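Novice: Have a look at this one before I ask anything.
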Amino acid sequence: MNVLDAFNDDSGRTGRALTWITHRSGYALAAYAVACVVGWFFDSWWLTVPVLVVCVVFSGAVTVAMLHVQFTRLCPTCMTEVPADAPARAQRRRWQLRFEHLARRRAAVPVFLLLFLVPLLAVPYLPSWCSGITSAPGEAWAIGLAVSLWTHHRLRPWCPWCRNWGDGGAIHEPSPDPTNLNTVTS
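Heads up, this note's numbering is the position in the sequence shown plus 1, with the first residue counted as 1.
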């Protein structure tokens, strides 16, 4: 079974599990945000394992969500999460849509490394009271990327950076019929 089959097989256990993880990754995001704030202000040894577990769960859930977005068409659950005012919401959230596209480019790799590695290397040379907050830029990047990924996935048909709509660009992905899925159409 290849990756495409795993994400597009709604009848198999693997496909259902991956879809379930994807659509509950928001809970992992919320737990990660709380763990980040706790990690910034409380430097206790007993918090290390719970924060590490939350970070691993968040990383896994976001990875599965990214693969879901990349390898699957809009699943029925995704279609029910598309807002009724999607074109207007896409206009209001243009910065999130743009951030998602910029973060997927190769040029974002040095920024990613700068935000994560520089604080990691600087921690031994900083006073103990500010060592927790040094990870804030990288954590903000990770949270922003996860939020923009989810926003972009729901608003993908209206994203101005996905397709060249002005030159008669065609939709290259199969889309399920919304009338068969009991979703709202406008």
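Ideal Cβ placement from N, Cα and C applies to all residues, glycine included. Since this is a predicted model, take the numbers as computed values, not measurements.
What residue range does the alpha helix (DSSP H) around L48 cover?
Specialist: By one-based count along the sequence shown, residue 48 stands at place 47. It is not in any alpha helix (DSSP H) - L48 carries neither H nor E in the DSSP assignment.
Novice: To the nearest angstrom, how far is the alpha carbon of Q71 from that of P128?
Specialist: Stepping through the sequence shown from its first residue, residue 71 is reached at position 70. Stepping through the sequence shown from its first residue, residue 128 is reached at position 127. If I take the Cα positions, the gap works out to 42 Å.
Novice: Hey, W162 and H102 are a contact pair by Cβ (cut 8 Å); roughly how many whole angstroms apart?
Specialist: For this step, residue 162 is matched to residue 161 along the sequence shown. For this step, residue 102 is matched to residue 101 along the sequence shown. Their Cβ separation, rounded to whole angstroms, is 5 Å, which keeps W162 and H102 in contact under 8 Å.
Novice: Quick one: measure Cβ to Cβ for C160 and A108, integer angstroms, because I've assumed they're closer than 8 Å.
Specialist: Residue 160 sits at position 159 when you count from the first residue of the sequence shown. Residue 108 sits at position 107 when you count from the first residue of the sequence shown. Their Cβ separation, rounded to whole angstroms, is 19 Å, which puts C160 and A108 out of contact at 8 Å.
Novice: For I172 and R155, I'd like the C-alpha separation in whole angstroms.
Specialist: Within the sequence shown, numbered from 1, the residue matching residue 172 stands at position 171. Within the sequence shown, numbered from 1, the residue matching residue 155 stands at position 154. With a pLDDT of 48 at I172, under the threshold of 50, the modelled position of that residue is not reliable, and no figure is offered here.
Novice: Out of W142, H153 and P158, state which residue places its alpha-carbon closest to the alpha-carbon of C37.
Specialist: Taking the sequence shown and counting its residues from 1, the one referred to as residue 37 is at position 36. Per the Cα distances, W142.
Novice: Assuming V65 contacts L19 under a Cβ cut-off of 8 Å, what Cβ separation, rounded to an integer in Å, is found between them?
Specialist: Reading the sequence shown from its first residue, position 64 is the one you call residue 65. Reading the sequence shown from its first residue, position 18 is the one you call residue 19. Correct: roughly 6 Å between the Cβ atoms.
Novice: For F1, I'd like the list of residues in its chain whose CB is within less than 7 Å of its CB, leaving aside the five on either flank, ordered along the chain.
Specialist: Any question about residue 1 goes unanswered here, given that the chain covers just 2 to 187.
Novice: Please classify C131 as buried or exposed, where buried requires at least 16 neighbouring CB atoms within 10 angstroms.
Specialist: Sequence index remark: in the sequence shown, residue 131 carries index 130 (1-based). C131 is exposed by the Cβ-count criterion.
Novice: Spatial neighbours of W96 within its chain, please: CB distance less than 8 Å, with the 5 preceding and 5 following residues excluded, ordered by chain position.
Specialist: Here residue 96 corresponds to residue number 95 of the sequence shown, with the count starting at 1. Counting only Cβ-Cβ distances below 8 Å, and skipping sequence neighbours, we find nothing.
Novice: Evaluate S12 with the Cβ neighbour count: other Cβ atoms within 10 Å of its Cβ, from every protein chain shown; 16 or more gives buried, anything less gives exposed.
Specialist: Along the sequence shown, one-based indexing puts residue 12 at 11. The residue in question, S12, is exposed, as its Cβ has fewer than 16 Cβ neighbours within 10 Å.
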